[in-house]
Amino acid sequence: MRLLSQVNLNSLKIVESAARHGNFTRAGEEQFITASAVSQRVKSLEDQLRFKIFQRGGNAVSLTPEGETYVSRVREALERIVAASMEATGQSQAHVLKISVLPTFAARWLFPRLPLFQRQYPDIEMRVSTSYATHEFATSEYDLEIRYGDGSFPGLQADLLFKEDLTPVCSRKLFHEILGDKPLSKVTPDDLRHFTLLHSDTCTQNWQSWLGFAGASFVLGETKSIYFDSCMMSYEAANAGMGFAVANRAYMASDIRAERLVAPFAVHHPNTAGWYFVSPDTQHAARKVVLFKQWVMAEAAMTQRQLDQEIEGVPVKRVAAMA
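Written as C-alpha cells, this is what we have:
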C-alpha cells in the first residue's frame, strides 16, 4: 500500500465530484477525464484507504457510511484550500454563503424555496452541501447548518424552524385501487393492514411511533413492508404507488395539495424534535447569515401557519411557496 501522505489531490477532487453527482460519467465530464479514469482513481484511493468509498450499482454510485464521512471531510478540506487561495489573492468571500443541510430537508423543503431567496438577494452566492454529518464550525468553512434534534446544541445558537409532525401518505391512485371510493373521513389506521408500509433506515422508529400514537401498533405485524436507505426514497416510493410512507407533513404538503398524494388520517403525531437553524454563537454574524436567517425563519413560519390552517380546515391560498 502506498503511503497515505502520497494521496493525490486530483484524486480527492475526482472523488468529491463523483460523490456530488452520484455518477462516474458526470464526474468525468466535470474533471475532463473518462468515466473509466474516474473509476480507476477511486479504486486506487480505496486501496490506499483500505475501505470502500462507493457502492457501485449500474450507472449510479452511492457513498458507503465510511465514504460519507470521508467525503464530508475531504469536501471541507478542499473548500479550505480554495478559501485560503482566495484570501491570499485578496478575493473576498463575504458574499459567499456556505450551508450544510440534511438531504431530505433540502430536497423536500428548502430547494423549492431557494429561488425566492436568490431573487431577493442576487448578490449572495449560495454553496449548499447535503449531509447527515454535523461539523465543527471552528474547523469547517460552513456559515450555518440546518440540523435535526431537540434544540440542544451546546455552544451554538439554535433557532427552531418547525417541529416534526408525522402523518401517513400514499398515492391517490393506490388509495382508490385498494379502498375504492371510501371517504377519507371514514378511513382508520386499521385500513393500513391492506397496504404495504414503506420504512426508512434513517427514520427507523417513525411507523412504530405513529401507529403507537394512533393506538394501532398491531398493524405492524399484519402488513407487508419495504425498507429504503433514506426517508427521501420512501417518500418517492409513496409517490410511485408502492405503499404508505409516514412522513413529516411539511415535506409532503405540496404533493397533497396537488392531489398526487392523500393523507387520509386526522391523527397527526407531533414530535418533540424538529429542524433548527444552527450557527456559531456570536453577536456579530455576517450580513449574508443574518439575511438568510431572517428569510428562512419567515418561510418556516409561513409553512407552520399553512399546516395549522389545513388541520383546522381553512383553505391555503399560497401554493406557490410549495410548503
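For the sequence shown, this note's numbering begins at -5 and goes up steadily by one. Each residue gets a CB set at the ideal place from its N, CA and C atoms; glycine is no exception. Note that this is a predicted model, so its numbers are computed, not measured.
Assuming contact is defined by CB atoms lying nearer than 9 Å, are TRP201 and VAL240 in contact in what I supplied?
Numbered from 1 along the sequence shown, position 207 holds the residue referred to as residue 201. Numbered from 1 along the sequence shown, position 246 holds the residue referred to as residue 240. Their beta carbons are under 9 Å apart, which means TRP201 touches VAL240 by this criterion.
Let's test the definition: count the other Cβ atoms within 10 Å of the Cβ of MET(-5) and tell me whether it reaches 16, buried, or not, exposed.
Indexing the sequence shown from 1 puts residue -5 at position 1. Note that MET(-5) scores a pLDDT of 42, beneath 50, so its modelled location is shaky; the value from the coordinates is reported in the next line. Exposed is the call here.
Using the C-alpha atoms, what's the distance from GLU70 back to GLN151?
Position 157 of the sequence shown, counted from the start, is the residue given in the question as residue 151. Position 76 of the sequence shown, counted from the start, is the residue given in the question as residue 70. Pairing GLN151 with GLU70, the inter-Cα distance amounts to about 21 Å.
Does the beta-carbon of VAL122 have 16 or more other beta-carbons within 10 angstroms, so that it is buried, or is it exposed?
Mapped onto the sequence shown, residue 122 falls at position 128. Counting Cβ neighbours within 10 Å, VAL122 comes out exposed, since fewer than 16 surround it.
Assuming GLU139 and ASN265 are in contact, meaning their beta carbons sit under 8 Å apart, how far apart are those beta carbons, in whole angstroms?
In the sequence shown, the residue the question calls residue 139 occupies position 145. In the sequence shown, the residue the question calls residue 265 occupies position 271. The Cβ separation is near 20 Å, so there is no contact.
If we count the other Cβ atoms within 10 Å of its Cβ and call it buried at 16 or more, is ARG102 buried or exposed?
For this step, residue 102 is matched to residue 108 along the sequence shown. It counts as buried.
For SER165 versus ASN242, is the C-beta distance shorter than 9 Å?
Counting from one through the sequence shown, the residue named residue 165 turns up at place 171. Counting from one through the sequence shown, the residue named residue 242 turns up at place 248. No, the Cβ-Cβ distance between SER165 and ASN242 is not below 9 Å.
Would the beta-carbon of GLY268 be found less than 8 Å away from any heavy atom of the ligand MN?
Of the ligands one can find in the structure shown there are none, so the ligand MN has no counterpart to examine.
Buried versus exposed, by CB contacts within 10 Å (16 or more), VAL313
Mapped onto the sequence shown, residue 313 falls at position 319. Below a pLDDT of 50, predicted positions are generally treated as unreliable, and VAL313, at 36, falls in that range; the measurement from the model is reported next regardless. Under the 10 Å beta carbon count, VAL313 is surrounded by fewer than 16 other beta carbons and is classified as exposed.
I'd like the span of the beta strand (DSSP E) that includes GLU139, first residue to last.
Start at 1 with the first residue of the sequence shown, and residue 139 comes out as number 145. Segment 138 to 143, the beta strand (DSSP E) holding GLU139.
Starting from the N-terminal side, write out each stretch of the beta strand (DSSP E) that is 3 residues or longer and does not extend beyond the segment 4 to 81.
Counting only runs of 3 or more, we get 48 to 51 and 54 to 57.
Beta-carbon spacing of LEU155, MET291 below 9 Å
By 1-based counting over the sequence shown, the position of residue 155 is 161. By 1-based counting over the sequence shown, the position of residue 291 is 297. If you check the CB distance, LEU155 and MET291 come in under 9 Å.
Do ARG141 and THR124 have their C-beta atoms closer together than 9 Å?
As a position in the sequence shown, residue 141 is number 147, starting the count at 1. As a position in the sequence shown, residue 124 is number 130, starting the count at 1. Contact flag unset, no.
Neighbourhood of GLY22 by C-beta distance below 6 Å, restricted to the same chain and skipping five residues each side
Locating residue 22 in the sequence shown gives position 28, where the first residue counts as 1. Taken in chain order, the residues that qualify are THR28, ALA29 and VAL32.
Quick check on this structure: which residue in LEU192, SER228, CYS197 and LEU205 has the alpha carbon closest to the alpha carbon of LYS218?
Counting from one through the sequence shown, the residue named residue 218 turns up at place 224. Here the closest residue by C-alpha is LEU192.
Just verifying my parser: in three-state terms, what is the DSSP assignment at VAL163?
Against the sequence shown, residue 163 aligns to sequence position 169. Here VAL163 sits in strand by DSSP.
Spatial neighbours of PHE111 in its chain, beta-carbon cut-off 6 Å, leaving aside the 5 residues before and after
As a first step, residue 111 must be located in the sequence shown, where it is residue number 117. Answer for PHE111: TRP289, listed in chain order.
Answer yes if the segment 249 to 260 comes into contact with the segment 174 to 189, meaning at least three C-beta pairs across the two stretches below 8 Å, and no otherwise.
Enough Cβ pairs lie closer than 8 Å, so yes.
Please report the distance separating the alpha-carbon of GLN300 from that of PRO106.
Within the sequence shown, numbered from 1, the residue matching residue 300 stands at position 306. Within the sequence shown, numbered from 1, the residue matching residue 106 stands at position 112. Inter-residue distance for GLN300 and PRO106 is about 16 Å (C-alpha atoms, whole angstroms).
What is the residue span of the beta strand (DSSP E) that PHE238 lies within?
Taking the sequence shown and counting its residues from 1, one reaches residue 238 at position 244. That run of the beta strand (DSSP E) goes 238 to 242.
On the three-state DSSP scale, how would you describe THR190?
For the purposes of this step, residue 190 is taken as residue 196 along the sequence shown, with counting starting at 1. Collapsing the DSSP output to three states places THR190 in coil.
List the endpoints of the continuous alpha helix (DSSP H) containing PHE207.
Walking along the sequence shown from the start, residue 207 turns up at place 213. DSSP places PHE207 inside the alpha helix (DSSP H), whose first and last residues are 200 to 207.
Own chain partners of LYS7 with C-beta closer than 8 Å, once the 5 adjacent residues on each side are dropped
One-based indexing of the sequence shown puts residue 7 at position 13. Apart from the 5 residues on each side of it in sequence, LYS7 sits with its Cβ closer than 8 Å to the Cβ of GLN25 and LEU72 in its chain, given in chain order.
Going by other Cβ atoms of all chains shown within 10 Å of its Cβ, with 16 needed for buried, is GLY51 buried or exposed?
Within the sequence shown, numbered from 1, the residue matching residue 51 stands at position 57. Exposed: under 16 other Cβ atoms inside 10 Å.
Tell me which same chain residues have a C-beta within less than 8 Å of the C-beta of HIS263, skipping the five on either side of it?
Translated into positions along the sequence shown, residue 263 becomes position 269. In its chain, beyond the 5 residues on either side, ASP159, LEU160, THR161, SER203, TRP204, PHE207 and ALA208 have a beta carbon closer than 8 Å to the beta carbon of HIS263.
Closer than 8 Å by C-beta to MET227: which residues in its own chain qualify, once you throw out the five before and the five after it? Chain order, please.
Mapped onto the sequence shown, residue 227 falls at position 233. Closer than 8 Å at Cβ, skipping near neighbours: SER194.
Report buried or exposed for ALA247, applying the criterion of at least 16 other Cβ atoms within 10 angstroms of its Cβ.
On the sequence shown, position 253 is the one that residue 247 refers to. So ALA247 counts as buried.
Can you give me the start and stop residues for the beta strand (DSSP E) that PRO177 sits inside?
In the sequence shown, the residue the question calls residue 177 occupies position 183. Per DSSP, PRO177 lies in no beta strand (DSSP E) and is assigned neither H nor E.
Rounded to the nearest angstrom, what separates SER5 and GLU119 at their Cα positions?
On the sequence shown, residue 5 is found 11 positions in, with the first residue counted as 1. On the sequence shown, residue 119 is found 125 positions in, with the first residue counted as 1. Pairing SER5 with GLU119, the inter-Cα distance amounts to about 27 Å.
Bounding residues of the alpha helix (DSSP H) (the contiguous stretch that carries ASN233)
As a position in the sequence shown, residue 233 is number 239, starting the count at 1. Counting along the chain, the alpha helix (DSSP H) containing ASN233 begins and ends at 225 to 233.
When VAL272, PRO183 and PHE189 are compared against ASP144, the one with the closest alpha-carbon:
Stepping through the sequence shown from its first residue, residue 144 is reached at position 150. Selected option, being the one with the closest Cα: VAL272.
Who are ILE172's beta bridge partners in DSSP?
Here residue 172 is taken as the residue at index 178 of the sequence shown, counted from 1. ILE172 is not bridged to any residue.
Given a cut-off of 9 Å, decide if VAL65 and ALA321 are closer than it, judged by their beta-carbon atoms.
A question about residue 321 goes unanswered here, because the residues of the chain that appear run from -5 up to 317.
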